[in-house]
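Heads up: the structure comes next, in structure tokens.
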Amino acid sequence: MNDQQIEIILKPTSDFFDENDSRWAQQKNLLVRDLQGKATKVEKRTEPVEGKKGGLETLIITLGPAVITGIVEVVKAWLARDRSTKIELSANINGKQVSFTADAKGIDKNTLKEFLQKAVEKAT
């Protein structure tokens, strides 16, 4: 059994909501709650951004191979709730930062799953 764990960085964004809109905060909180039921660990980090109140919120999830399908389903369901949302996912694969952006219009479940699987496989 492969017990490798890797951190994936998720940056949810919206073309509709302002970063400080309470409705956007509620949507991000739903994503966090749903991810907490699947990922090994979910952590919120806020990076200060000049001229922005509150900064840019980033989610860091730790996952292993056993939960990839569940994470894909959570991301897909969350994006389907609001067509203005996107999630940029990034991971360190073989020493390189690799990114993938998923949105409700063009999410490909298999591509997202492959990205997460590659990240976990190359974690060492």
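In our numbering, the protein residues as written are 20 to 143. Idealized CB from N, CA, C, for every residue including glycine.
Exposure of residue i, with buried meaning 16 or more beta-carbon neighbours within 10 Å
{"i": "Leu50", "result": "buried"}
{"i": "Ala85", "result": "exposed"}
{"i": "Pro31", "result": "buried"}
{"i": "Val68", "result": "exposed"}
{"i": "Ala63", "result": "It should be noted that the sequence gives Lys, not Ala, for residue 63. By the 10 Å Cβ count, Lys63 comes out exposed."}
{"i": "Ala96", "result": "exposed"}
Closer than 7 Å to chain B by CB, residue i
{"i": "Ile28", "result": "No chain B is part of this structure, which consists of one protein chain only."}
Distance between beta carbons of residue j and residue i, contact taken as under 8 Å
{"i": "Thr104", "j": "Asp122", "result": "7 Å"}
{"i": "Lys124", "j": "Arg102", "result": "7 Å"}
Residue closest to residue i, alpha-carbon to alpha-carbon, out of the options
{"i": "Lys115", "options": "Glu62, Arg102, Lys132, Ala138", "result": "Ala138"}
{"i": "Thr130", "options": "Glu92, Trp43, Gly83", "result": "Glu92"}
{"i": "Asn113", "options": "Arg102, Ile90, Glu140", "result": "Glu140"}
{"i": "Lys132", "options": "Gly70, Ala110, Ile90", "result": "Ile90"}
{"i": "Leu48", "options": "Asn111, Glu76, Ile27", "result": "For the record, residue 48 in the displayed sequence is Asn; it is not Leu. Selected option, being the one with the closest Cα: Glu76."}
Distance CB(residue i)-CB(residue j) smaller than 7 Å
{"i": "Leu54", "j": "Ile80", "result": "yes"}
{"i": "Leu78", "j": "Leu135", "result": "no"}
{"i": "Thr65", "j": "Gln24", "result": "no"}
{"i": "Thr88", "j": "Glu107", "result": "no"}
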